[in-house]
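Following: one structure in structure tokens, then a few remarks.
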Amino acid sequence: MKITDLQLEDYGIYKNESVQPSQDQLIVVMGENESGKTTLLNFIRDMLFGFKRGNWKGRKGNMAFVRSNGEKYRVFRDGKDSYFTDSKNEKSSEELPQVWWHGLTRSMYEHIFAVGLEDLQGTTLLSDETVKSRFFMLQGGDSLSDVKKQMQSRMNDLLSASSQSKRKINGLLQKKQQLDDEIEKLSAQETRFASLQKRQTEVNRELTELQASLAKQQEEYRVLGKRLGAWEYYKKAREIKRGLDLSRQVKVFPANGKEQWNKLMGRMKAIHDQKEGLQEKIDAYTPKTKEQIIPWVGLEGELEQLYVDLGQWKQTLFDKEDLQNQKKAWRNEYSRLGYTLPLWDSALNPDEECKSVNWSDASLLAKGVSVRTNELHFWEQREPRVEELPEAVQGKSVIADEKEWTAFENNATRLEEIIHEEADIRKMMEASGKSRESSYTFWFWIGLGCLVVAAASIGAFFAALSGTIALYTAAGCLGAGVFFILINTFISRARKNKAGKLTRTMEELEEERKNISRELPVHAPVNEEELQTFHNVLQEKRSEFYKAQAALQALSWKKETIRQQLESHKKWETEGAELKKARDQAIKEWNQWLSNNHLPAVGADKLSQLQEQWQKIYAAQGKGKIIDVLIEKNNAKLNEFNLRAERIIAATGARLSISPSSIATIYEENRNRNLEWQAIAEKNRQHAAFLEEKKKLEDSWAACEHEMKTLMDFVHAATPTEFAERVTAHEQHDQLLKDWANIKQDLRFYAGSEEEYKRLWSSLQTGEYDEWMDSYQKLESSIKEGTGKLAALQKEAGALENEILRLAEDESITGKLQERQEIESDIRTELQNWMTCKFTDYLLTDAQKRYETGKRPAVLKQANTFLEKMTNGKYSLSVSDDGRDVELIDVAHNRKSAKLWSSGTGDQVYLAIRLAMALAFGKQVEPLPVVLDDIFVRFDEERQRQTLRFLMELGKEQQIFLFTCHARTMQIAHEVGKELNAGEFIRLRAGKIHKESASDAVSAEVHP
Amino acid sequence: MGKHFSFIHCADLHLGEPFDGLHSGNVGPWTEAIGKATFKAFETVVNIAAEKRANAILISGDVYNSDHHSLAAQMAFARELFRAAQAGIQVFIIHGNHDPQEAWQADIPLPDTVHIFPGNEVTAIPLMIDGEKVATVYGASYKTMHNKENMARLFHKKEGDEFAIGMLHTEVGNPDSPYMPCTVDDLKASGMDYWALGHEHTRRIISEKPYIVYPGNAQGLSCKEQGPRGCYFVDVGAFGTVTTQFYPTDAIRWLDMTLDISSIKNQEELIREVIKERATFRALTERPDIVRLILTGRGPMHKAIASEEGKEFILQAVNEKEQFRFIFAYFSKIIDRTKPVLDLEERRKLPDVMGEYLHSYDAIASMKEADRNRILKEILMDSPEFKRIPELNDFVSKEMISEAFEQAEIEGAEQISLEDTNEDY
């Protein structure tokens, strides 16, 4: 859009002012301070976006503009009222940005299309992240980062990655955890209740059982108590009853019976006392036998004898040692003897017995060996001669036998025949080959002639040269012609058949010849020319064959001779084998004899030598045997002493060695023990006297017992105690009867009733007092224990009931569950808020990236073009990929980072970018007028001039308002305008707007 | 000719189950009422049975949630069963997926008039009136939480059954369901005269020949379970004719109130409007209500409503007046479906920051649902908060993510716009 008319009816210092800005020229507006420059700037913005809130009072104006599609509009604003009209003068009260510019805000417009001095940042322009962001995000970067900050702050308030944090969601999670724990505890109520109920049932059952059991026990306890209380009465009654029973059994009793009894008792007591005194003495000593004192008592004589023979025993021991030495010496000598005998030449084993040898047998065996050896010797001398077979005749003839030879000759003859046959056939083929050259025989030509005549005759007939005769001739000639041609065909075919047959025969013969040639051991002829040579070869072969046959005959005779020689040699060998066998047998027997007699292996010829040396060994062994006999005798003697001593030592039981010294020791001991025995024998005698006396007393005791039995028999008593009881009962019978009646009466009173008395009496009669007492005591402790248990159970039952009631009425879990559900709901709500922030944050980041990557390249490219134009190609822009580093590149390709730019250069760069952005935005939405407010402050004149030239160029397309408060800038603008024939110049003076020409500008310079 | 009898059919009592979607800290008469609502509802069921002199109560599963191990729930249940027994009403119960047989815990003794069907098999129990069998009740319980077997096929009416009632906690019409799936045909093929079903919380009569009935739950448990909840009183005539009548039992009712904010200029006006509207609810439901306030439209109030503080303020203000009412209408939540004054569609066309922001949103929003969900999930999972506090995952659902993302469109745009406005003035 481009502004075509501005009507400032009432706006700030402007009253009814108007201006019509150019649509294709740069509009340079110059106004000194307080001239209304900023007011005019604001007027344009207000017309586009409406008056600011609370700032509309007393403001009125309108603005005409033409949109890029050529449509013309005018917007009217009067205080709160606002509308716009189109070319058809139709009104609309909607706001322009809502209608055409997708809700573009005033702020956005100012960021993009309005550039003020304060926005120029000099060299720091692009080094600041926010500033850079502002450029590349079309001034939206800071709002994005602000919103991002807000989102992050909100997210931080809601949730922290630390689970222990006190943020809202974290706090709720912690609270939920607490509730989970509480509910977990409360949920145990369910199982606790079940177990409590089970326990309650159990306790009630136990209580019932226990109460029943206690009641039973207490009844038993009472009964037993009563019974035990009556026991003393019963015991007394039983005694009385027993006395009465005894008394009844005594029928007759002598008057002095009791006196007799007492006397007898006195006597018996005296006897008893004596017996006890005597028994003490008897018990004090135990008699001993002589064997106990001298265990070897039966061997005393033998001990005496051995003690006498001790000298002899000692001599035998000495002899034994001597004989052993002799034997040892003999063993050495005997062993060495072996080495002195050449046939043995080894140590002889003294333990091995030298057997007695039958030397006559040896003589016979040796003789046998000698005879057999001689026989063998003579047999060897008699070996018959065997000739060797000469080498076989070889290589003389290739034909081995008669049959082969006949076949060879037959083949040769057949070959010869074949060659002749082949020659004949070849001749025949040559002959027939000549006649076969043409298949047109004589008959053909005759036939052809006939056919020609027939044709001529038909022709003549049709030419009417002749009549039917010509037809007959034609028919005859045609028949003859056909016949002759058939004959020609037959002959020609017969010729061909014959030639074929000959060829086949020839091929067969050739095949046969080749077969025979392959079988022949010599070169086979192929034609008749080679036949003569073949005959010569045949002759040669024949002579070779007959020579070979003669040689073969001679060889067969020789073979026969050798065969006979071999037979007699074989016979000789058989004889030899038998002789060898006989000799080996003789030698074996000889060796066997030697082995049997433990003699060294020597030849039979050494017999006499062997005998001689053997006799030496035999004699030496005889000496050894004599020593052995002496040792044996000595040992027998020694054994006898040992046996005698051993018997004695065994009888003593002492651990003594069998030696003469041990016997001497035992002899001494024996003497001492005999002395001891004499003292003991005296004590034994005294003990026997005591025993004798005791026997007499026992006899007296038996007499007394007899008397006592007589007395007891009177009262039928079995024991003296019984006798006493019965006699006493008999004496006290009347008193007992009285007591009996009394005690029964007492018991009746105790029982309380007759029935109870009977029951009591009958149970008392069983008489198991100890058992009753035991049961009574047990019952007592059991009742005590049961009562305690009952109390505990009753207590537990009460506690259980209380707890069950408490649990049954506890509804806190319902509240807790609800509370937890609510906390979970809160968590979800807060989490959803957090997620909203999170997604917003993500989208903001994404939007930022998109914008930078999507828009920046185009904007920068445009900015670069602008910058080059503004600086006459002195500089071009370079921005790194990430947009962080912006550099300028000069014509010499030197790079200049932002920090090194001059303030004017920085402003130029900024201006280029801002204009590029405005154009980029305009392309996408709609180009809106660009307003530049005093942007040349830091430009030198040359730079101003360059920039103005560029803006004048750009102003032809894009409507640009350039506001300035500097007259010099206005003047330069005029100069540049003049130079380019471009630009529109407006001057503001205290609320008045004037368009001015170049001359005005000059005067302005003169009168600033 | 049989004997006339009647019974109550209810299901999904969920005794002691907390209400979902309420915010903590807002204490009032509703706090106690909410805690007792499920128990109260079952109490009402028993009351109706007694008043109507019903012969039996059929409870088709999910008496309570075994996972909660709530003794209070089991005690309350037992108490009501004893009350029913005193009134001479027999009770037939099947275990549902929330209270399977193996989880039936507290071992509270129940009256002899209570018949509980064993798990994973169909058992028949006669319904006796004055020593005479009037019907046979067939039922199958859950042994464990899941049972994929089509149990309906195991129900067969036997010869001699005057009237057969089938009790099943099932999900009809979903063959992949782990809750005893079956079809209407399976149910019809069994020959039952009345199917007392449970599991679906919304009541519906699937068929009238024979009657296949979901009574719904006795008490709504969340804002998703709105409207009257209760049980069916089923009357069986001497010739087997069945008539059903629904009786609401819910102690608290869930409702939505939708309000357009376009014409509302400030909070006071909004609160006034809400209170005015609320007055109609009491007459409508005749019981305490929990109301979800859904605000729609485009208007100046949008910004205030969008903020948590704003919602909190409105809720407090409207609930404050209900503190002392016995029949209250408690506002539990505000659903913000209002739109900002900003015309986002227009702003999308502008090549500025907000345009780019909205394009960034569109880039994800236009993806296939699965891809969008994956990306959004990744954004969350990559955050240190989710990495370090994995239990957050338990609270996040697909719907929540989608909703948060949709909210992000408005939130971001509004904040950017606010930045612009701040600069304007």
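Going down the list, the sequences are from chains A and B.
Remember, our numbering sits 13 above the position in the first sequence when you count from 1.
Remember, our numbering sits 81 above the position in the second sequence when you count from 1.
Don't be surprised by glycine CBs; every beta carbon is placed ideally from N, CA and C.
| query | result |
| --- | --- |
| Drop a sphere of 10 angstroms on the beta-carbon of GLY297 (chain B), count the other beta-carbons inside from all chains shown, and report buried for 16 or more, exposed for fewer. | buried |
| Quick check: the Cα distance between GLY311 (chain B) and HIS282 (chain B), rounded to an integer number of angstroms? | 10 Å |
| Can you give me the Cβ contacts of SER140 (chain A) inside the same chain, cut-off strictly under 6 Å, excluding the 5 residues immediately before and after it? | At SER140 (chain A) the pLDDT is 43, less than 50, meaning the model places this residue with poor confidence; the figure from the coordinates comes in the next sentence. So the qualifying residues of the chain are ALA911. |
| Could you check whether the Cβ of GLY97 (chain B) sits closer than 8 Å to any Cβ belonging to chain A? | yes |
| Quick check on LEU117 (chain A) - is its C-beta less than 8 Å from some C-beta in chain B? | yes |
| Can you round the beta-carbon distance between TYR223 (chain B) and ASN178 (chain B) to whole angstroms, since I take them to be within the 8 Å contact cut? | 5 Å |
| How is VAL310 (chain A) classed by DSSP in three states: helix, strand or coil? | helix |
| Look up ASP370 (chain B) in the DSSP assignment and say whether it is helix, strand or coil. | strand |
| Kindly identify the DSSP beta-bridge partner or partners of ILE415 (chain B). | B:LEU374 |
| For chain B, find out if any of its Cβ atoms is closer than 8 Å to the Cβ of ASN907 (chain A); answer yes or no. | no |
| Please tell me whether VAL1019 (chain A) has its Cβ less than 8 Å away from any Cβ of chain B. | Any reading at VAL1019 (chain A) must be qualified, since the residue scores a pLDDT of 42, below 50, and its modelled position is unreliable; the value itself is stated next. Judged by the 8 Å Cβ criterion, VAL1019 (chain A) is not in contact with chain B. |
| Taking SER87 (chain B) as part of the beta strand (DSSP E), name the residues at either end of that continuous run. | 86–91 |
| Near ASN604 (chain A), what residues of its chain come up, given a Cβ to Cβ distance below 8 Å and the 5 sequence neighbours on each side ignored? | ALA614 |
| Since LYS707 (chain A) and LYS288 (chain A) should fall inside the 8 Å C-beta cutoff, what is the C-beta to C-beta distance between them, to a whole number of angstroms? | 7 Å |
| At 4 residues or longer, and completely inside the stretch 293–380 of chain B: list those alpha helix (DSSP H) runs for me, N to C. | 348–366 |
| Who are the neighbours of SER838 (chain A) on chain B, taking C-beta pairs under 8 Å? | ASP101, GLY102, LEU103, HIS104 and SER105 |
| Output the distance between the C-alpha atoms of ALA805 (chain A) and GLY238 (chain A), rounded to the nearest integer angstrom. | 27 Å |
| Use the C-beta contact count for TYR407 (chain B): other C-beta atoms within 10 angstroms, 16 or more gives buried, fewer gives exposed. | This sequence places Phe at residue 407 (chain B); Tyr is not what is there. PHE407 (chain B) should be labelled exposed. |
| Are the C-beta of LEU151 (chain A) and some C-beta of chain B separated by less than 8 Å? | Its pLDDT being 45, under 50, LEU151 (chain A) is placed unreliably in this model, and the value from its coordinates should be taken loosely. Closer than 8 Å to some Cβ of chain B, the Cβ of LEU151 (chain A) qualifies, so yes. |
| Give the residues from the stretch 186–199 of chain B that approach chain A closer than 9 Å (Cβ to any Cβ), ordered along the chain. | GLN186, ALA187, ASP188, ILE189 and PRO190 |
| Looking at the secondary structure, which residues open and close the beta strand (DSSP E) in which LYS5 (chain A) lies? | This structure leaves residue 5 (chain A) out entirely; chain A is present only between 14 and 1021. |
| I think LEU351 (chain B) touches ILE345 (chain B), with their Cβ atoms under 8 Å apart; what is that distance to the nearest whole Å? | 5 Å |
| Leaving out the 5 sequence neighbours to the left and right, which residues in its chain are closer than 6 Å to LEU901 (chain A) when beta-carbon positions are compared? | TYR888 and LYS909 |
| Specify, as a first and last residue, the run of the alpha helix (DSSP H) that LYS430 (chain B) falls within. | 425–430 |
| Under 8 Å, do ASP143 (chain B) and GLY279 (chain B) count as touching if we go by C-beta distance? | yes |
| What whole-angstrom Cβ distance do HIS85 (chain B) and VAL317 (chain B) have, given they're in contact under 8 Å? | 7 Å |
| Along chain A, in chain order, which residues have C-beta atoms closer than 8 Å to that of GLY116 (chain B)? | GLU824, THR827, GLY828 and GLN831 |
| Taking Cβ-Cβ distances below 7 Å as the criterion, which residues of the stretch 920–940 of chain A are in contact with chain B? | PHE934, GLN937 and VAL938 |
| Quick check for students: name the residue ranges of the alpha helix (DSSP H) that lie wholly in the stretch 735–806 of chain A, counting only runs of 4 or more. | 746–764 and 767–779 |
| Pairing CB atoms from the stretch 89–104 of chain A with CB atoms from the stretch 936–956 of chain A, are three or more of them under 8 Å? | no |
| With a CB to CB cut of under 8 Å and the five nearest residues on each side skipped, what residues in its chain are close to TRP309 (chain A)? | LEU316, ILE661, ALA664, THR665, ILE679 and ASN683 |
| By DSSP, does SER1010 (chain A) sit in helix, in strand, or in coil? | coil |
| Within the continuous alpha helix (DSSP H) that includes TRP69 (chain A), where are the two ends? | Taken as a continuous stretch (DSSP letters only), TRP69 (chain A) belongs to no alpha helix (DSSP H), as it is neither H nor E. |
| Would you identify the three-state DSSP class for CYS463 (chain A), choosing helix, strand or coil? | helix |
| Quick one: measure Cβ to Cβ for LEU579 (chain A) and VAL382 (chain A), integer angstroms, because I've assumed they're closer than 8 Å. | Not confirmed; about 33 Å, so no contact. |
| Do you know whose CA, among B:SER87, B:PHE158 and B:ILE140, lies nearest GLU824 (chain A)'s CA? | B:PHE158 |
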